[in-house]
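What follows is a short report on a single structure.
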Amino acid sequence: MMMNKTRIILLVTMLLLVCTASFAALGLKGERYAISGTEYYQRGDYRSAIKDFLAANAAAEGSRPEYLFWLGKLHIAVSDTSQALDWFAKYLSTNDQQNKQEALDYIRILNRQESIFDQITWRSMPSYLSSRNSDYGSLLTPDKKYLWFTSLAPTRFDKENIWRAEKLATGWGRPYPVDELNTDKNEAIGSFSTDGKTAYIFGNFRHNQVDGDIYYSTYSGKWQNPIAIDAVNSPQVEAHPMVWRDSLMFFSSSREGGYGEFDIYLSIKKDGIWGEPMNLGSQINTTGSEQTPFLDSDGRTLFFASDAHPGFGGFDIFRAVRIGKGWQNWSDPDNLGIPVNTIRNDRHFFKIENSNEALVSSDRKADGFEKMYALNLTFTIPASYILTDPATGEKTVVTVGADGDVILGPTGEVVAVVTDTGDIVTPDEKIEAPVVVIPNYFNVFGRLTDENAKPLNADIEFSTVINGKTFKDVVTTDDKGYYNLKLPMSDKYHVIANAEGYMLHAEDISVPQDGSPVSLNIALEKLEVKKVFVFQNILFDFDKAVIKPESFAIVDEIVVTMLSNPEIKIEISGHTCNMGKEEYNLGLSKLRAQAVVDYLVSKGVETGRLTFDGFGESKPLNDNKTIAKRQQNRRVEVKVME
Numbered sequence: 027m028m029m030n031k032t033r034i035i036l037l038v039t040m041l042l043l044v045c046t047a048s049f050a051a052l053g054l055k056g057e058r059y060a061i062s063g064t065e066y067y068q069r070g071d072y073r074s075a076i077k078d079f080l081a082a083n084a085a086a087e088g089s090r091p092e093y094l095f096w097l098g099k100l101h102i103a104v105s106d107t108s109q110a111l112d113w114f115a116k117y118l119s120t121n122d123q124q125n126k127q128e129a130l131d132y133i134r135i136l137n138r139q140e141s142i143f144d145q146i147t148w149r150s151m152p153s154y155l156s157s158r159n160s161d162y163g164s165l166l167t168p169d170k171k172y173l174w175f176t177s178l179a180p181t182r183f184d185k186e187n188i189w190r191a192e193k194l195a196t197g198w199g200r201p202y203p204v205d206e207l208n209t210d211k212n213e214a215i216g217s218f219s220t221d222g223k224t225a226y227i228f229g230n231f232r233h234n235q236v237d238g239d240i241y242y243s244t245y246s247g248k249w250q251n252p253i254a255i256d257a258v259n260s261p262q263v264e265a266h267p268m269v270w271r272d273s274l275m276f277f278s279s280s281r282e283g284g285y286g287e288f289d290i291y292l293s294i295k296k297d298g299i300w301g302e303p304m305n306l307g308s309q310i311n312t313t314g315s316e317q318t319p320f321l322d323s324d325g326r327t328l329f330f331a332s333d334a335h336p337g338f339g340g341f342d343i344f345r346a347v348r349i350g351k352g353w354q355n356w357s358d359p360d361n362l363g364i365p366v367n368t369i370r371n372d373r374h375f376f377k378i379e380n381s382n383e384a385l386v387s388s389d390r391k392a393d394g395f396e397k398m399y400a401l402n403l404t405f406t407i408p409a410s411y412i413l414t415d416p417a418t419g420e421k422t423v424v425t426v427g428a429d430g431d432v433i434l435g436p437t438g439e440v441v442a443v444v445t446d447t448g449d450i451v452t453p454d455e456k457i458e459a460p461v462v463v464i465p466n467y468f469n470v471f472g473r474l475t476d477e478n479a480k481p482l483n484a485d486i487e488f489s490t491v492i493n494g495k496t497f498k499d500v501v502t503t504d505d506k507g508y509y510n511l512k513l514p515m516s517d518k519y520h521v522i523a524n525a526e527g528y529m530l531h532a533e534d535i536s537v538p539q540d541g542s543p544v545s546l547n548i549a550l551e552k553l554e555v556k557k558v559f560v561f562q563n564i565l566f567d568f569d570k571a572v573i574k575p576e577s578f579a580i581v582d583e584i585v586v587t588m589l590s591n592p593e594i595k596i597e598i599s600g601h602t603c604n605m606g607k608e609e610y611n612l613g614l615s616k617l618r619a620q621a622v623v624d625y626l627v628s629k630g631v632e633t634g635r636l637t638f639d640g641f642g643e644s645k646p647l648n649d650n651k652t653i654a655k656r657q658q659n660r661r662v663e664v665k666v667m668e
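Okay, so the sequence shown: first residue is 27 according to my numbering, each after it adds one.
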């Protein structure tokens, strides 16, 4: 379901008009720079806005507190925490009252975020997953084979529709609309059952329905007609269904009797029937809007978006922890801070199970469109939580045991324990917390260039599996192509480097178990017309034109390169050694080249960008005199045509 963007854009526009009018009407020193700075802010050019407000502040000789406040907020926009804190401190020292509470909230959030993450990076999702409109609400199916999301991309319906993309070894395939679930109204994906065969969605599938409701659809060869879940629906809007372990449904609703515009509710399934929804209470819900709930796999940590809890912009993402057995006693929500949240709107937090990855949606680029982003993060074990009594407002600090599973009261008594099933129970006696094992780390460093040693500024992704959990991190090279990254120990890492205009590079690296640093330099090959790329490890079944599954990852490199560079066209050519009859080898090489083309098309590469041919044994790379040389001649080549 789309947020009320008209309201948000109107409020931001009014704020900017008020600020601009105030600067001009009052004849303030530095007003010309301040007006220019607000215009840059509105366009999303935050660094230019900072330059103008620095000039405005210098011209005013520090006499205008609002310039100091703006500089603090703009440094949040560029993720510079230390500078933001400095400018807010300078603002507070003026004793100005107009933005005092907001500045205090910002400082509290910025200081608190230091204790939330051990490590966090973010990046945009691949450009070919995005449309020219909003794309948001991304999540993975339970088997992690598909990325589903909601998009306003043009379709035959031109509404909010549900899309999905297939997971490849080196990225994602091209997304396609899920036609069975889309109509000429609005639909949005919410979550899946644990077996992936039931989708919970927002929609307007009933005749003459105006307000959206929550539906489910089951998969049996194709997605079946959605059925309304009447137990949770009301005459108002219900949206963002998040179903946890097939038994708990969190959702947002504008129904009567709530605290604000949208509240988060919970329905518990018993004996196959969804129960009466309960409001999560005033510790979660406010007089504003709370949306997009997500319960973590631990069964107690709730992530949600709010535009009324203290935050940076419109909607921010928060985290709260359930205390005790009930569902209306929560720790005070923590704002996740920079870079999860921005000065604009951030929603749809989805944490990937058994992984350090998460997904989020945001309109942080200031163009008015929500887009999907990927996060790599490691949460710290919180030292404490703050609990607020809803009736009295009294605050109590409770601490956390060493393993994060034991919550201790003010005098050291155990007030809650998380069991293996994710439930929280109240114990009768104190439980000793086990010792945490701290992982070892190593450093990987190097340089990313092209084949002529020209430095490249791009992302390099490192991924591995540690104790059954996927770990992934991404580093961006500097202007000279250098990078340095700290990673947890593992036997090996899979490395992917991808830059626009170059062939994707993927390889595995081994990690010395003594923790010594790893040097890895990567040279990418430029996609130039008539350039030929040789792939000798695309394997086929003997005497057949069927690609072996172990070679899919290699062909996926070509897929992602093509999707990332939509302007290029290529020719696929098949080659053999001199074993067998020449005429037969010629025919087999053509069939194998066609098999590669068919695979590329199945993953979303347009047929108009692909041609193929087979040359048999007519273009050997060597004299075929040894087994190794014959293996080199059995190859697939990719030639850039335009």
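The C-beta atom is built at its ideal place from N, Cα and C for all residues, glycine as well.
- Of the residues assessed, E140 falls on the exposed side of the cut-off, its CB having fewer than 16 other CB atoms within 10 angstroms.
- Excluding sequence positions up to five before and after P201, its CB lies within less than 7 Å of the CB of L155, W189, R190 and A191, all in the same chain and listed in chain order.
- Between the segment 467 to 474 and the segment 352 to 370 there are fewer than three C-beta pairs closer than 8 Å, too few to call the two in contact.
- Short of 6 Å from the beta carbon of T502, and not among the five residues preceding or following it, lie these beta carbons of its own chain, in chain order: D485.
- Within the same chain, Cβ atoms closer than 6 Å to the Cβ of L617 are found at A571, the five residues on either side in sequence being excluded.
- By the neighbour-count criterion, in which 16 or more other beta carbons inside 10 Å mark a residue as buried, P261 falls on the exposed side.
- Setting aside the 5 residues that flank it on each side, M151 is surrounded in the same chain by M398, Y399 and A400, each with a C-beta closer than 7 Å to its C-beta; the list follows chain order.
- Sequence-distant partners of Y508 (beyond 5 residues in either direction) whose C-beta falls short of 7 Å from its own C-beta, in its chain, are R473.
- Non-local beta-carbon contacts of W174 in its own chain, meaning distances under 6 Å to residues more than five positions away in sequence, involve L165, R190 and I215 in chain order.
- Where S108 is concerned, the enclosing alpha helix (DSSP H) starts and stops at T107 to L118.
- DSSP links N305 through a beta bridge to Y291.
- Between A60 and Y66, the C-beta gap is not smaller than 7 Å, which leaves the two residues out of contact.
- In the DSSP assignment, M275 forms a beta bridge with V269 and S293.
- In terms of Cβ geometry, T312 and A334 form a close pair [threshold 7 Å].
- In the three-state reduction of the DSSP assignment, R660 falls in the coil class, being assigned neither a helical nor a strand state.
- For N230, the CB contacts under 7 Å within the same chain, skipping 5 residues up- and downstream, are K211, N212 and G238 in chain order.
- Under the DSSP assignment, I580 falls in the alpha helix (DSSP H) whose first and last residues are F578 to S590.
- Assigned with DSSP and collapsed to three states, S357 falls in strand.
- Note that the C-beta distance between G286 and G325 is not below 7 Å.
- In the three-state DSSP reduction, Y285 falls in the coil class, being neither helix nor strand.
- In the displayed model, R345 falls within a strand according to three-state DSSP.
- The C-beta of V269 has 16 or more other C-beta atoms within 10 Å across all chains shown, which makes the residue buried.
- In the displayed model, P252 falls within coil according to three-state DSSP, outside both helix and strand.
- Between the beta-carbon of L511 and that of Y519 there is about 10 Å, and that puts the pair past the 8 Å contact cut.
- Following the DSSP letters along the chain, one finds A195 in no alpha helix (DSSP H), marked with neither H nor E.
- Under the DSSP assignment, N402 falls outside any alpha helix (DSSP H), being part of the beta strand (DSSP E) whose first and last residues are K397 to F405.
- The C-alpha of E526 is placed about 21 Å away from the C-alpha of S489.
- Under the 10 Å beta carbon count, G56 is surrounded by 16 or more other beta carbons and is classified as buried.
- Taking R69 as the centre and dropping the five residues before and after it, the same chain places the C-beta of A392 closer than 8 Å to its C-beta, in chain order.
- Distance check between N563 and each of A532, V537 and E593 places A532 closest, using alpha-carbon atoms only.
- Just so you know, the alpha carbons of T406 and G363 end up roughly 14 Å apart.
- Contact between the segment 117 to 136 and the segment 83 to 96 is present, with at least three C-beta pairs closer than 8 Å.
- When the Cα atoms are used, K552 and D534 turn out to be separated by approximately 21 Å.
- By the criterion of a C-beta distance shorter than 8 Å, P416 is surrounded in its chain by G307, S308 and Q309, once the five residues flanking it on both sides are discounted.
- Taking a contact as a CB-CB distance under 8 Å, the pair F338 and S332 does not count as one, their CB atoms being some 12 Å apart.
- Looking at the DSSP output, Q317 sits in a beta bridge with A331.
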